[in-house]
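Peer 1:
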Amino acid sequence: MRKRNAKFRLKRRDGAYTVITPIGACQTYTPEQAWEIIEPVQVAVQRLLDGTADAADYRRVGGAFNVGAVRAAHIKGNNAPALTIFQAAGQAMGHAERLKEQHGKLGLTGPGRQAVREAMEVYEMLIRESSPRQMYDAENEMVKLLAKKPNPEKEHA
Numbered sequence: 001m002r003k004r005n006a007k008f009r010l011k012r013r014d015g016a017y018t019v020i021t022p023i024g025a026c027q028t029y030t031p032e033q034a035w036e037i038i039e040p041v042q043v044a045v046q047r048l049l050d051g052t053a054d055a056a057d058y059r060r061v062g063g064a065f066n067v068g069a070v071r072a073a074h075i076k077g078n079n080a081p082a083l084t085i086f087q088a089a090g091q092a093m094g095h096a097e098r099l100k101e102q103h104g105k106l107g108l109t110g111p112g113r114q115a116v117r118e119a120m121e122v123y124e125m126l127i128r129e130s131s132p133r134q135m136y137d138a139e140n141e142m143v144k145l146l147a148k149k150p151n152p153e154k155e156h157a
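Counting in the working numbering, the sequence shown runs from 1 upward without gaps.
#1: Classify Asp217: buried if its beta carbon has 16 or more other beta carbons within 10 angstroms, exposed otherwise.
#2: Measuring CB to CB, does Met120 end up less than 8 Å from Val43?
#3: Work out the CA separation of Leu48 and Glu39 for me, nearest whole Å.
#4: Given a cut-off of 8 Å, decide if Met93 and Val61 are closer than it, judged by their beta-carbon atoms.
#5: If we ignore side chains and look at the alpha-carbon of each, how far apart do Arg128 and Gly68 end up?
#6: Could you check what DSSP says for Ala157 in three-state terms: helix, strand or coil?
#7: Are there 16 or more other CB atoms within 10 angstroms of the CB of Glu155, so buried, or fewer, so exposed?
#8: Contact between the segment 69-83 and the segment 101-115: three or more CB pairs below 8 Å?
#9: When the Cα atoms are used, what is the spatial distance from Tyr123 to Gly63?
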């Protein structure tokens, strides 16, 4: 049996993968890598704030904030102050979804706008101070948590 060394891959916008060595996976993101991750989320947040967001922007922001919440819990445990910021942003995102049902477009109101801005700041800080391996682990844990969550649509079908 051959021993192999697992490598992490970061997917860029052009679809190409950048191979990261095990040492590189344990070091914090370079500013360029961090910006490649942050920029699309920042654009989606701005669209939400402007009221021009679509479903893909909503999913991108929600997914980023969920991963950020898991990473914050890894750092400080379940009592992390960042978790309350992400929970407030999650409530604002839920309110934006209800507004879409009522008015036909995603939007945020006063306190929700501030909560999403604060969550974006915390998310940026987490990305800049984390390694690819830490974010990879947080994303995998988020996927597992969402898989365990009951889906009300399947229960009624």
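Even for Gly, the Cβ is constructed at its ideal location relative to N, Cα and C.
Peer 2: Let's see:
#1: Since the first residue of the chain shown is 1 and the last is 157, residue 217 is not available in this structure.
#2: no
#3: 14 Å
#4: yes
#5: 12 Å
#6: Residue placement at Ala157 cannot be trusted, given a pLDDT of 42 that sits under 50; what the coordinates show is reported in the next sentence. In the structure shown, Ala157 sits in coil (DSSP, three-state: anything other than H, G, I, E or B).
#7: For Glu155, the pLDDT reaches just 48, beneath the cut-off of 50, and the residue's location in the model is therefore unreliable, although a value from the coordinates is still provided. When all chains shown are included, Glu155 counts as exposed.
#8: no
#9: 11 Å
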